[in-house]
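Let me begin by presenting the structure, written as structure tokens, before commenting on it.
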Amino acid sequence: MKKQSKRQEEKGGFPQMLSRLFTVVGFVLLLSAVPVMADAPVWFKQAAIQQVPSYPKDVPAVVLLDEQQVTLGSDGKLVTIENYAVRLLNSDGRGFATASAYYLVSSGKVREIEAWLARPNSAIKTYDKKSVIDIIADTDDVYNEGRLKIIDASRDVGEGDVFGYTIISEDLPLFYQEIWRFQGRLPTLNSRYTINLPQGWKANSVTFNHEDVQPRVNGSSYTWELQNLPPVPPEPMSPSLINLVPRIAVNFSPSDSSQSVDRAFADWLDVSRWATKLYDPQVIVDDSIAIKARELTANAKTEFEKIRAIGNYVQNLQYISIDIGVGHGNGYKPRTSTLVLSRGYGDCKDKANLMRALLRSMNIEAYPVAIYSGDPTYVKTEWASPRQFNHCIIAVKVSDSTESATVMNHPQLGRLLVFDATDPYTPVGDLPGYLQGSKGLVIAGEKGGLSEMPITPPDADLLERQIEATLSPLGELKGTIREVANGQTSTAFRSEVRGLSAPDYKQAIEGWLTRGATGARLVKLDQNDRQQDAAFDLNVEFAVPNYGQLMQGRLLIFKPVVVGRRRAVSLTEKSRQHPIELDSGMVKETAVFTLPTGFVVDEVPEEVNMDSPFGKYTTKFEVKEGKLHFTRMMQVNRSVISPDKYNEVKGFFAKMLEAEQSAVVLMRK
């Protein structure tokens, strides 16, 4: 199941998305993108002379016009004319001087793509078909029917220039549903979406992230328009761009509703019925499936152990996406379970389907779940559409004997254990943080529909840290750090060690040490990945010369916080426009310092005890038998906090940072 790649659904981020592709084809573009002199369309000339407001210096460009005109023909094809013009405000905007047309080879084509560049006091340059390159849309796929036609003028543009293009494309729509995003991060002066329908057809829309946008209607032609949209600046810990900018979802259908069966949906139950017809026939349980399931679960004693054994096997199958017939619905249809088993690879929906078949052979029922991977708040209940999803996971029906934080109670299907067989780092019993709390479509025919995925409590992701260290009279600190990471915290540890070479991983740990203790030296490092238990052990031996500062020969000062937080919170702006998103987690740390001979504790920082709706932070100091015991606990609750609470959140983390920088004072006896 693929995220839609059309430009209107990727606006604002596509220069970054295409950078990898441009690296490969840059030389070709350099040779081919030779502009010629020709006349430009009237709309572009008008846009090029348009006056623009002043914007902050960090705004790289302004969109003058962003328009789509979509026409549904009598042959069932959608013909789209896209007009786009952008003015560069500084050199950082050069990446926006790119035209990109997405199409599926099985059901669509780009009829025309042409671009223009207007410079002050200079003739308009035209980029015609000789400037176009055609490349695969997703280079990670073995085969993908999605392709891109690209014109890149980024090397030619400068401050004050206007770049624009027209793309004419056709497609055979799988659904009578369209999406239009009115802007990306750039300010946009005029954004317009028009759909022209055959006589007797009608359209309606749902608006997100903005007051309801009503169309202008002329017969069977509908136009939605917004003007003078301000820039959307990036802010740390902010919702994704797609949940900040205004967008509409458009449904269109003929007066004869029978013509729109499986193309437009009345509600989420309707979507479940449609998807079930695609998924259920692909679950084939034959001898090969049954034998494999028995082999995998030979040593399993409980229901959970059986599910875990099968889940672990499917999870470790190679992820390979081969997209064929996407334009005819195959992007939503898994391959048969027997085929996936025999080949030993598949994409997300293939893995979910195979796991479903293996479980069914053990008399355990399961259901595929369509979901959006990337932002838990993306899917909107108001718009029943498969187009809101880009990923597939699985929900396994379990008895009361199976206990897990990732079990949800479904009103029709009972207790369901949710698992992502595609994520290589998260075991059965846990769920990736970016999926927790998401709305997913449980594909179960008449009993299916949209459901909210489980959210694990902060202590499920607990990081326990124990530090034992000895401080010398001259301030050298030697000791050990033992960490046990659980849940999604262990996932971060696991992905780091697997994603880096041994030398690079060692360097990463050294960097973590030196951020908290300047000059720290890594003496010994070992780790133990217990993925099946959703845990990861990290053991470090370290030494830091001059960690404590000796003053006047009688005072020794040092920070009890030896290592900092791995996930930094950066909230330094004076004000805030967008909500703050916090991920859940918990850290419990105990540090025991053996004090240098001849020194006693003279002063410790003031203990902290903060408690808020979104988190807690406490510190405590205690001296026992010549040793200083320091404990701290941080808990953050998964939250979306409105901008008017920004100072409260900022103050919470600022006070935490202040506490972490505070020092203990020792005095010579």
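With the first letter of the sequence shown counted as 1, position 573 gets the number 574 in our numbering; the numbers rise by one all the way through. Yeah, the Cβ is synthetic: ideal placement off N, Cα and C, and Gly gets one too.
* Backbone CA spacing between Gly556 and Pro474 [nearest angstrom] -> Residue identity check: residue 556 is Leu in the sequence provided, not Gly. So the two alpha carbons sit approximately 10 Å from each other.
* Through-space distance from Ala535 to Pro458, alpha-carbon basis -> 14 Å
* Asked: Nearest to Asn364 by alpha carbon, out of Gly332, Ile290, Gly375?
  -> Ile290
* What are the start and end residues of the alpha helix (DSSP H) that includes Phe654? -> 647-662
* Exposed or buried, Lys334, counting other C-beta atoms within 10 Å across all chains shown (16 or more means buried)? -> It is buried - the Cβ of Lys334 has at least 16 other Cβ atoms within 10 Å.
* Asked: When you compare each of Leu73, Asn84, Lys350 to Asp67 by their alpha carbons, which one comes out closest?
  -> Asn84
* Pull up the distance between the alpha-carbon of Asn91 and that of Pro188, whole angstroms please. => 14 Å
* To do: Identify, in the order they occur along the chain, each residue of the same chain with its Cβ nearer than 8 Å to the Cβ of Gly415, setting aside the five sequence neighbours on each side.
  => Same-chain partners within the cutoff: Lys398.
* **Span of the beta strand (DSSP E) around Met668** => Bounds of the beta strand (DSSP E) holding Met668 are 665-669.
* **Bridge-paired residues (DSSP) for Arg522** => Answer by DSSP bridge pairing, in chain order: Ala544.
* To do: Could you check if Gly165 is buried or exposed, using at least 16 other CB atoms within 10 Å of its CB as the buried criterion?
  => buried
* Asked: Okay, do the region 571-578 and the region 440-448 touch, 3+ Cβ pairs below 8 Å being the bar?
  -> no
* Asked: Using 8 Å as the threshold, is the region 593-608 in touch with the region 273-281, meaning 3 or more CB pairs across them?
  -> no
* Per-residue DSSP class, three states only, for Pro36 -> Because Pro36 carries a pLDDT of 40, less than 50, the predicted location of this residue cannot be relied on, and no value is offered for it.
* To do: Name, in chain order, the residues that DSSP records as bridge partners for Val673.
  => No answer is possible for residue 673: it lies beyond the span of the chain, which begins at 2 and ends at 670.
* Just reading off the alpha helix (DSSP H) that Glu296 is part of, what are its end residues? -> Here the alpha helix (DSSP H) through Glu296 covers 288-297.
* To do: With DSSP as the reference, please indicate the residues paired to Gln70 in a beta bridge.
  => Gln70 pairs with Ile82, Thr195.
* Asked: Taking the alpha carbon of Thr195 as the point to measure from, which residue in Leu105, Val284, Ser75, Thr81 has its own alpha carbon closest?
  -> Thr81
* Asked: For Val158, which residues from the same chain have a beta carbon less than 7 Å from its beta carbon, with the 5 sequence-adjacent residues on both sides left out?
  -> Leu89, Arg95, Ala98, Leu118, Phe164
* To do: Run the CB neighbour count on Asn252, radius 10 Å, all protein chains shown included, and call it buried at 16 or more, exposed below.
  => buried
* Asked: Measuring CA to CA, which of Val87, Ser75, Pro54 is closest to Gly45?
  -> In the sequence as displayed, the identity of residue 45 is Phe instead of Gly. Checked all of Val87, Ser75, Pro54; the closest Cα to Phe45 is Val87.
* Take the Cβ of Met552 as the centre, count every other Cβ of all protein chains shown within 10 Å, and call the residue buried at 16 or more, exposed below. => With fewer than 16 other Cβ atoms within 10 Å, it is exposed.
* Asked: Among Val341, Gln70, Lys479, which residue has its Cα nearest to the Cα of Ala358?
  -> Val341
* Local conformation of Asp268 per DSSP, three classes -> coil
* Asked: Over what stretch of residues does the alpha helix (DSSP H) that includes Asp351 continue unbroken?
  -> 349-361
* Asked: Considering only C-alpha positions, which residue in the set His211, Ser192, Ser206 is nearest to Asn229?
  -> Per the Cα distances, Ser192.
* Could you tell me the distance, in whole angstroms, from the CA atom of Leu360 to the CA atom of Ala294? => 7 Å
* To do: Kindly identify the DSSP beta-bridge partner or partners of Leu245.
  => According to DSSP, Leu245 bridges with nothing at all.
* **Alpha-carbon to alpha-carbon, Pro234 and Pro57** => Straight-line Cα distance between these residues: approximately 10 Å.
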